[in-house]
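K.L.:
Those sequence lines, one after another, are chains X and G.
In this text, residue positions in the first sequence follow this note's numbering: the first is 1, and each later residue adds one.
In this text, residue positions in the second sequence follow this note's numbering: the first is 328, and each later residue adds one.
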Amino acid sequence: MADAKTIWIVLQLREGGLHRMSREAIAAGQALAARLGARAEAVVLGAEVGDAAAEVAGFDLDAVHVAEHAALGAYTPGAYVGALAPAIRSAAPDFVVFPHTYQSVDYVARLAYEAGAAYVPEVVSFEDGEGELLFRRPVLGGKLQARVRVGGEGVAFLSVQSGAFSGDDARAGSAETRPLELGEITADREILGTETVGGDQVDLSKADVVVAVGRGIGKPENMPIVEELAATLGADIGASRPVIDNGWLPRDRQIGSSGQTVAPKLYLAIGISGAIQHLVGMKGSSTVVSINKDANAPIFTVSDYGIVGDLHEIVPALTAAIADAKG
Amino acid sequence: MRIAVCIKQVPDTEARLRVAKDGRWIEEDDLRFVINESDEYALEEALRITEAHGGDVVAVCLGPDRAKEALRKALALGCAEAVHLVDDAYQGGDAAATATALAAAVRTLEADLVLSGSQSDDVGYGSTASLLAGHLGWPHAWLVMGVEIEDGASSTKVTREMESGTNEIFRMQLPAVIEVQAGINHPRYASLKGIMKAKRKPLATPSPADLGLESAAIGAAGSRIEIVDVSFPSSGDEAEIIEGDAEAAARSLVEKLQKEARVL
Ligand SMILES: Cc1cc2nc3c(=O)[nH]c(=O)nc-3n(C[C@H](O)[C@H](O)[C@H](O)COP(=O)(O)OP(=O)(O)OC[C@H]3O[C@@H](n4cnc5c(N)ncnc54)[C@H](O)[C@@H]3O)c2cc1C
Ligand SMILES: Nc1ncnc2c1ncn2[C@@H]1O[C@H](COP(=O)(O)O)[C@@H](O)[C@H]1O
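Okay, structure coming up:
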């Protein structure tokens, strides 16, 4: 079949194995391939990737392309783009799927430029729009979702958002590995090291009850109502990123993709809209309660209970009701 | 040093959003527009760099007429000049088409460094500035939480955010495109004096022809990505909304947390 479509899935490794989101990308790539009747082929990059390539070869894929090069040992966009752009140009797959990790976002747009591809970031689902393939993705900080079409000629890149596809759905099978031909590739960063953010290291991961405050609090002078609620509940205080960025709470209180991950039995989200980068840090909570003046806020889609209204009225009322109940 | 800063004007995050009648985007008429959050941090970082190392900052914005207000604010904050890509042909583009136009504008500025935000709060492609770097052939970095210009301004030490509270630190050559993440600094407020001075600062509005751009390469015409429609997200398992005034709602919530969820 000369005109069969091909999908590439470019995987991210972590400590010699697959990054969690790479499994999700495989599931997404397989789903897209099934929908289009396309071949699904994976790409693995690194300095020494034997083990990871063997792991990937255990999925139901049509091939695993292995890009091994010393310059791919430590990630830099220069080396990754240098390795992938010529390969994509010559193989000309129809789609290239990436996990939407911090690493992918750093280089995939640049790769799209160099490979002449269109790029749809943060895809959460594939949809059928009257016979046409559409991609759903968050816009406006997750407050809305858009369905987009990719027109024109040439390769399309998709990066799939965390949690949109389940890694458990990645079908096992067996695939043949083959080396990817590489040209000259050079790193464009001199890596100096890493550092941990957060200072005091408050550990929220074991908290039983978390009261999380968002930008809706308005200003730091309003914080006491949240502190009183937390004290009454015996809860730890966490926050969305803007609260931290504004300096209203220290960085080690941040919950989300660039902060801490929590899984309390009760999570109260106060004046938080529910952007995906926040949700990934709290979606393991057992019971979620949200207080927000916007009935359409996406936080309500992941909450068990919600109160729509002004937090300045509701939070003190809730503190009083809890104090009463506790007697 | 001459730094170009890319700023986009977007709806205020406080804005109550409504889907437009044609379903393709939001109703914009009654919205308040502001400088994109991470771009404000980028602008502040650019001002700090030139205050420490000398030079000036040029703000560049592609957007409709209303976006002039964002540029006026950038001038009031301390930018020396502004460039507004306001022509209709520039508008409605995807990240690639926007980057094509921004690159052409940046080329005319003879900048040593481009700063931008990491992600726009409206379309949120997280791509535009990396694509711009591609046009310029400069290295880039996304999600930057620290910039240190090194000796002779030939390189910079960059701190980049990674997942779950770790940063990566590396050196890159200049010129470069640095995509700043919110929280890198604390942006200043405009002073009255700054606002007065801004009125006399240059604000250029080059046409596509001025920048040597074909209209087929920019705006909606130059885009492969098109938004078909927008809607509010749903999970099929939404929260149970508890009704009543603040006190009544609080009381019934506590009861549910005790009796149904058994978490109190
Ligand atoms: C790479 C990257 C990493 C990120 N990492 C994180 C992260 O780790 N954690 C994180 O949280 N974010 C993170 N973000 C930011 C994230 O995208 C959102 O911008 C952020 O979570 C929004 O915070 P918020 O909900 O507090 O603010 P907003 O989105 O502004 O929401 C404020 C909410 O408060 C409500 N509100 C306002 N006033 C009131 C009132 N009086 N009463 C009741 N409700 C009110 C509004 O209706 C709104 O829903 C990251 C972003 C990027 C690009
Ligand atoms: N229309 C625009 N005008 C100026 N800068 C822009 C524009 N669109 C995007 N940018 C810059 O590119 C960054 C990423 O935007 P985006 O790719 O839309 O998420 C923003 O933070 C801005 O710095």
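Ideal Cβ placement from N, Cα and C applies to all residues, glycine included.
Note down, in chain order, every chain X residue with its Cβ under 7 Å from the Cβ of Tyr452/G.
P.N.:
The residue given as residue 452/G occupies position 125 in the second sequence. Simply Pro121.
K.L.:
Should Tyr417/G be labelled buried (16 or more other beta-carbon atoms within 10 Å of its own) or exposed?
P.N.:
Reading the second sequence from its first residue, position 90 is the one you call residue 417/G. Its Cβ being crowded by 16 or more others within 10 Å, Tyr417/G is buried.
K.L.:
Could you have a look at Ile255/X and say whether DSSP puts it in helix, strand or coil?
P.N.:
Looking up residue 255/X in the first sequence gives position 255. Ile255/X falls in the strand class under three-state DSSP.
K.L.:
In three-state DSSP terms, what is Arg89/X?
P.N.:
Mapped onto the first sequence, residue 89/X falls at position 89. Three-state DSSP puts Arg89/X in a helix.
K.L.:
Heavy atom of ligand 2 less than 7 Å from the Cβ of Thr455/G, yes or no?
P.N.:
Mapped onto the second sequence, residue 455/G falls at position 128. Result yes, Cβ under 7 Å from ligand 2.
K.L.:
Under 9 Å between beta-carbons, which chain G residues line up against Ala317/X? List them in chain order, please.
P.N.:
As a working note, residue 317/X is residue 317 in the first sequence. Neighbours of Ala317/X on chain G, chain order: Asp572, Ala573, Glu574, Ala575, Ala576, Ala577, Arg578.
K.L.:
Quick check on Arg241/X: does DSSP put it in helix, strand or coil?
P.N.:
As a working mapping, residue 241/X is identified with position 241 in the first sequence. In the three-state reduction of the DSSP assignment, Arg241/X falls in the helix class.
K.L.:
Since Lys219/X meets chain G, which of its residues come closer than 7 Å, beta carbon to beta carbon?
P.N.:
Looking up residue 219/X in the first sequence gives position 219. Correct list: empty, because the minimum Cβ distance to chain G is about 13 Å.
K.L.:
I'd like the span of the alpha helix (DSSP H) that includes Gln277/X, first residue to last.
P.N.:
The residue labelled residue 277/X in the question sits at position 277 within the first sequence. 276-279 is the extent of the alpha helix (DSSP H) around Gln277/X.
K.L.:
Might you give, ordered along the chain, the residues of its own chain that have their beta carbon closer than 6 Å to the beta carbon of Asp421/G, omitting 5 neighbours on each side?
P.N.:
Here residue 421/G corresponds to residue number 94 of the second sequence, with the count starting at 1. Cβ within range, chain order: Ser550, Ile552.
K.L.:
Kindly say whether Ser258/X, judged by its beta-carbon, lies nearer than 8 Å to any beta-carbon of chain G.
P.N.:
The residue you call residue 258/X lines up with position 258 of the first sequence. Answer yes: the Cβ-Cβ gap between Ser258/X and chain G drops below 8 Å somewhere.
K.L.:
Specify the secondary structure class of Val413/G as computed by DSSP and reduced to three states.
P.N.:
For the purposes of this step, residue 413/G is identified with residue 86 of the second sequence, where counting begins at 1. It is coil, neither helix nor strand.
K.L.:
Looking only at its chain, what residues have a beta carbon closer than 8 Å to the beta carbon of Ala57/X, apart from the 5 residues adjacent to it on each side?
P.N.:
Translated into positions along the first sequence, residue 57/X becomes position 57. Val64, Ser174, Ala175, Glu176, Thr177.
K.L.:
Per DSSP, which residues does Lys484/G bridge with? Please list them.
P.N.:
Along the second sequence, one-based indexing puts residue 484/G at 157. Paired residue(s): Glu475/G, Arg498/G.
K.L.:
The beta strand (DSSP E) spanning Arg39/X covers which residue range?
P.N.:
Numbered from 1 along the first sequence, position 39 holds the residue referred to as residue 39/X. Where Arg39/X is concerned, the enclosing beta strand (DSSP E) stretches over 39-46.
K.L.:
Just grab the DSSP bridge partners of Glu195/X for me.
P.N.:
Translated into the one-based positions of the first sequence, residue 195/X becomes position 195. Answer is Asn494/G.
K.L.:
Consult DSSP for Gly163/X and reduce its assignment to one of helix, strand or coil.
P.N.:
Within the first sequence, numbered from 1, the residue matching residue 163/X stands at position 163. Correct three-state label for Gly163/X: coil.
K.L.:
For Lys293/X, verify whether its CB is less than 7 Å away from any heavy atom of ligand 3.
P.N.:
Absence of ligand 3 is noted for the structure shown, with ligand 1 and ligand 2 being the only ligands found.
K.L.:
Give the residues from the stretch 227-247 of chain X that approach chain G closer than 9 Å (Cβ to any Cβ), ordered along the chain.
P.N.:
Within the stretch 227-247 of chain X, those residues whose Cβ lies closer than 9 Å to any Cβ of chain G are, in chain order, Leu233, Arg241, Pro242, Ile244, Asp245, Asn246, Gly247.
K.L.:
Going by beta carbon distance, what residues of the same chain come within less than 8 Å of Gln201/X, once the five residues before and after it are set aside?
P.N.:
For the purposes of this step, residue 201/X is taken as residue 201 along the first sequence, with counting starting at 1. Cβ neighbours of Gln201/X beyond the five flanking positions: Asp252.
K.L.:
Return the residues of the stretch 484-499 of chain G that lie within a Cβ-Cβ distance of less than 9 Å from chain X, sorted by chain order.
P.N.:
Lys484, Val485, Thr486, Arg487, Glu488, Met489, Glu490, Ser491, Gly492, Thr493, Asn494, Glu495, Ile496, Phe497, Arg498, Met499
K.L.:
Taking Cβ-Cβ distances below 9 Å as the criterion, which residues of the stretch 13-32 of chain X are in contact with chain G?
P.N.:
none
K.L.:
How about Arg253/X: is its C-beta nearer than 8 Å to some C-beta of chain G?
P.N.:
Residue numbering aside, residue 253/X sits at position 253 when the first sequence is read from its first letter. No, no contact with chain G.
K.L.:
Residues of the stretch 166-185 of chain X with a CB closer than 8 Å to any CB of chain G: list them in chain order, please.
P.N.:
none
K.L.:
So is Phe360/G in contact with chain X if we call contact Cβ pairs under 8 Å?
P.N.:
Position 33 of the second sequence, counted from the first residue, corresponds to residue 360/G. So no, Phe360/G is outside the interface.
K.L.:
Taking 8 Å as the CB-CB cut-off, is Gln145/X touching chain G?
P.N.:
Residue mapping note: residue 145/X aligns to position 145 of the first sequence, counting from 1. Yes - at least one Cβ of chain G is within 8 Å of the one on Gln145/X.
K.L.:
Got a sec, what are the start and stop residues for the beta strand (DSSP E) Gly444/G sits in?
P.N.:
As a working note, residue 444/G is residue 117 in the second sequence. Start and end: 440-444.
K.L.:
Starting from the Cα of Arg359/G, find the closest Cα among Glu367/G, Arg393/G, Ala386/G and give me that residue.
P.N.:
For the purposes of this step, residue 359/G is identified with residue 32 of the second sequence, where counting begins at 1. Checking every option, the nearest Cα to that of Arg359/G belongs to Arg393/G.
K.L.:
Do you know how far the Cα of Asp324/X is from the Cα of Asp236/X?
P.N.:
Here the question's residue 236/X lines up with position 236 in the first sequence. Here the question's residue 324/X lines up with position 324 in the first sequence. One C-alpha to the other measures close to 20 Å.
K.L.:
Less than 8 Å between the C-beta atoms of Ala31/X and Arg39/X, yes or no?
P.N.:
Along the first sequence, one-based indexing puts residue 31/X at 31. Along the first sequence, one-based indexing puts residue 39/X at 39. Not closer than 8 Å, so no.
K.L.:
When you compare the CB positions of Leu389/G and Lys528/G, do they come within less than 8 Å of one another, or not?
P.N.:
Here residue 389/G corresponds to residue number 62 of the second sequence, with the count starting at 1. Here residue 528/G corresponds to residue number 201 of the second sequence, with the count starting at 1. The answer is no: Cβ separation not under 8 Å.
K.L.:
Does chain G have any CB closer than 8 Å to the CB of Met1/X?
P.N.:
Residue numbering aside, residue 1/X sits at position 1 when the first sequence is read from its first letter. At Met1/X the pLDDT is 46, less than 50, meaning the model places this residue with poor confidence and gives no usable figure here.
K.L.:
Which of the residues in the stretch 40-59 of chain X, read from start to end, lie with their CB under 9 Å from any CB of chain G?
P.N.:
Within the stretch 40-59 of chain X, no residue has a Cβ that lies closer than 9 Å to any Cβ of chain G.
K.L.:
Please tell me whether His513/G has its Cβ less than 8 Å away from any Cβ of chain X.
P.N.:
As a first step, residue 513/G must be located in the second sequence, where it is residue number 186. Judged by the 8 Å Cβ criterion, His513/G is in contact with chain X.
K.L.:
Report yes or no: is there a C-beta of chain X within less than 8 Å of the C-beta of Arg375/G?
P.N.:
Taking the first residue of the second sequence as position 1, residue 375/G is located at position 48. Cβ-Cβ to chain X under 8 Å: no for Arg375/G.
K.L.:
Taking the DSSP output, what are the residues bridged to Phe559/G?
P.N.:
In the second sequence, residue 559/G corresponds to position 232, counting from 1. Phe559/G is not bridged to any residue.
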